[in-house]
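Colleague:
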Amino acid sequence: MSNSYSIERTIRARGKTVVSISLASALALSVPVLINELQFIFIVPPVALAFAAMIALALRADIWVDARNRLHVRYLVYSFSTKLKHLQRAPTPKFDFRRDEELGLARMYQGTRVPSFRVGWFLLRNQSVAFACVTRKRRAQAFKIRKGLYLVVDPALARQIQVAANAACSLKRKTRKNRA
1 MSNSYSIERT IRARGKTVVS ISLASALALS VPVLINELQF IFIVPPVALA FAAMIALALR
61 ADIWVDARNR LHVRYLVYSF STKLKHLQRA PTPKFDFRRD EELGLARMYQ GTRVPSFRVG
121 WFLLRNQSVA FACVTRKRRA QAFKIRKGLY LVVDPALARQ IQVAANAACS LKRKTRKNRA
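Those letters in the sequence shown? Residues 1 to 180, per the numbering used here, in order.
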């Protein structure tokens, strides 16, 4: 059974985030070289560029729906997967994931938290657990999967997930009617 609506999307950190991390690393690399010996200063730019390329490749998450109507989110070694039918039909209204009293991200278990890029497992302020994939500055939406488990994503991605989940549920209803 193929899905009628699919998602294949890569979420990346903003360019400013990658540049600021790269500049900070170049500065951190060049200070010891300048203090000790100037003859090794030519090593700093290639190492800083390699580090910037590594950061740019590492700060991205892949999101897709497979043929079995499962939503997958993968970031480096952290991943999340669930059937689309297990998602709450409509996401929560938009909220500030830094300050919201109930669904705000309180503490990170596993993942990455840099400016404008938060991906991984987080504890919410309501003591639930969530897999977050947020790249905006403050706004997010959440899908409740079951008691104590949420998926927190950007609002644009939440709309795509909701459309895919609705298409998967309507496709399942159509196949049940055809069998009967």
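Each residue gets a CB set at the ideal place from its N, CA and C atoms; glycine is no exception. This structure is a prediction, so every number in the text was calculated from the model and none was measured.
Under a Cβ-count criterion, where at least 16 other Cβ atoms within 10 Å of its own Cβ denotes burial, should leucine 23 be classed as buried or exposed?
Modeller: exposed
Colleague: Using the Cα positions of glycine 104 and phenylalanine 42, report the straight-line distance between them to the nearest angstrom.
Modeller: 45 Å
Colleague: Using 8 Å as the Cβ pair cut-off and three pairs as the minimum, do the region 80-98 and the region 140-153 touch?
Modeller: yes
Colleague: Give the DSSP-derived three-state secondary structure of phenylalanine 80 in the structure shown.
Modeller: In the structure shown, phenylalanine 80 sits in a strand (DSSP, three-state: E or B).
Colleague: Here's the rule I'm using: 16 or more other beta-carbon atoms within 10 Å means buried, otherwise exposed. How should leucine 124 be labelled?
Modeller: buried
Colleague: Taking just the CA atoms, how far does glutamine 162 sit from tryptophan 121?
Modeller: 21 Å
Colleague: How would you call threonine 135, buried or exposed, if buried means at least 16 neighbouring beta carbons within 10 angstroms?
Modeller: So threonine 135 counts as buried.
Colleague: Is DSSP giving threonine 112 helix, strand or coil here?
Modeller: strand
Colleague: For the candidate residues Arg68, Leu57, Pro155, Ile11, whose alpha-carbon lies nearest to that of alanine 167?
Modeller: Arg68
Colleague: I'd like to know if methionine 108 contacts chain D, where contact means its C-beta is closer than 8 Å to some C-beta of that chain.
Modeller: In the structure shown, chain D cannot be found, because there is only a single protein chain.
Colleague: Look at the Cβ atom of valine 18, then the Cβ atom of alanine 56, and state whether they are nearer than 8 Å.
Modeller: The Cβ atoms of valine 18 and alanine 56 sit closer than 8 Å to each other.
Colleague: So what's alanine 106 in DSSP terms, helix, strand or just coil?
Modeller: strand
Colleague: Measure the C-alpha to C-alpha separation of alanine 52 and arginine 74 and round it to an integer number of angstroms.
Modeller: It is roughly 21 Å from the alpha-carbon of alanine 52 to the alpha-carbon of arginine 74.
Colleague: When burial is assigned at 16 or more other CB atoms within 10 Å of the CB, is glycine 111 buried or exposed?
Modeller: buried
Colleague: Whose C-alpha, out of Ala13, Ile11, Pro155, Ser20, is nearest the C-alpha of aspartate 96?
Modeller: Pro155
Colleague: Measuring only the C-alpha atoms, how far is leucine 29 from isoleucine 63?
Modeller: Computed Cα separation, rounded: 34 Å.
Colleague: Ends of the beta strand (DSSP E) at alanine 61?
Modeller: 60-65
Colleague: Express the C-alpha separation of alanine 132 and arginine 12 in angstroms, rounding to a whole number.
Modeller: 14 Å
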